[in-house]
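Below: the structure, in structure tokens.
Written out as structure tokens, the structure reads:
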């Protein structure tokens, strides 16, 4: 690695939502600095996706390397992969517990998941399996807004977002050697996100189709308008913060295509915007973001 080689990349592990779309894994992403991965949310299929990324050339995402993770909120579509994150990397050779940072309720969830698989743990440690007992478990850290994590490679700040009637929900700002990545989490438009996006290079933001929304039943329109962000609202956000790249995820299409979703945003925003697919990779370079997909790269 030379002095000018980009050190930071964002890999989208899952772009889905509660609907069990077999082509879109549950919400999850990884920020990688040098060879160190940081996981953000862990929806259904999290470890299968990290392993596929590893087999596709992103060697930092080997299961045993997954040691730090962040959870935006406690909804099941973002957290149901938690036991997979705890146990599979351990079985695959992780040598220390995973450190997980998230909202109130994380401690309770962690304790119950560890208890639920206690028999599995005992059989693996006390049986014939050549497993490292030091790698077992998860250490949870309940967070509030502000700086929640910092090491030699990355600084993570949490900011409260408005996810309707959800108790605690956060977005995250990550400062890396190559730039700033902001991940919205699930949210309706909120001033805290605008503030967190100062000097933002990549904004990874959830979204729903404004045209598809009109086809939804009235009770679901009420729900989504209070819990999530429409393409029309995202254009307002993007025009205010002007990131180098807007990446849309947690896609609620309701019959619209990805191309139509992009057009809805581009109708009032002239910056660069893309819809994320599973295993898209975004590399922070000087004054630019270069992107592709791990499954399509030669």
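In this note's numbering, the protein residues as written are 2 to 299.
In this text, a Cβ means the ideal position worked out from N, Cα and C, and glycines have one as well.
Here the structure is a predicted model, which is why all the values come from computation and not from measurement.
Check: Would you please state the rounded distance, in angstroms, between the beta carbons of residue 175 and residue 73? I believe it to be under 8 angstroms.; Outcome: In fact, because the Cβ distance is near 13 angstroms, the residues do not count as touching under 8 angstroms.
Check: Would you identify the three-state DSSP class for residue 45, choosing helix, strand or coil?; Outcome: coil
Check: How would you label residue 141, buried or exposed, when you count the other beta carbons within 10 angstroms and need 16 or more for buried?; Outcome: buried
Check: What alpha helix (DSSP H) runs, 4 residues minimum, are completely inside the segment 234 to 288?; Outcome: 259 to 267
Check: Need the endpoints of the beta strand (DSSP E) that residue 204 sits in, please.; Outcome: 203 to 209
Check: If the criterion is Cβ atoms closer than 7 angstroms, does the pair residue 45 and residue 27 meet it?; Outcome: yes
Check: Drop a sphere of 10 angstroms on the beta-carbon of residue 227, count the other beta-carbons inside from all chains shown, and report buried for 16 or more, exposed for fewer.; Outcome: exposed
Check: In or out: residue 80 buried (at least 16 other Cβ within 10 Å) or exposed?; Outcome: buried
Check: Using beta-carbon positions only, say whether residue 233 and residue 211 come within less than 7 angstroms of one another.; Outcome: yes
Check: Is it buried or exposed, residue 126, if we count other Cβ atoms within 10 angstroms and call 16 or more buried?; Outcome: exposed
Check: Thinking residue 213 and residue 255 are a contact (beta carbons under 8 angstroms), I'd like their distance in whole angstroms, please.; Outcome: 3 angstroms
Check: For my contact list, residue 282 and residue 50 are in at a C-beta cut-off of 8 angstroms; report their separation, rounded to the angstrom.; Outcome: Wrong, their Cβ atoms sit about 12 angstroms apart, outside the cutoff.
Check: Is it the case that the segment 147 to 154 contacts the segment 256 to 274, given that we only count it when at least three CB pairs across the two stretches are under 8 angstroms?; Outcome: no
Check: Below 6 angstroms CB to CB, which residues in the same chain sit around residue 247 once its five sequence neighbours on both sides are set aside?; Outcome: 204, 239 and 274
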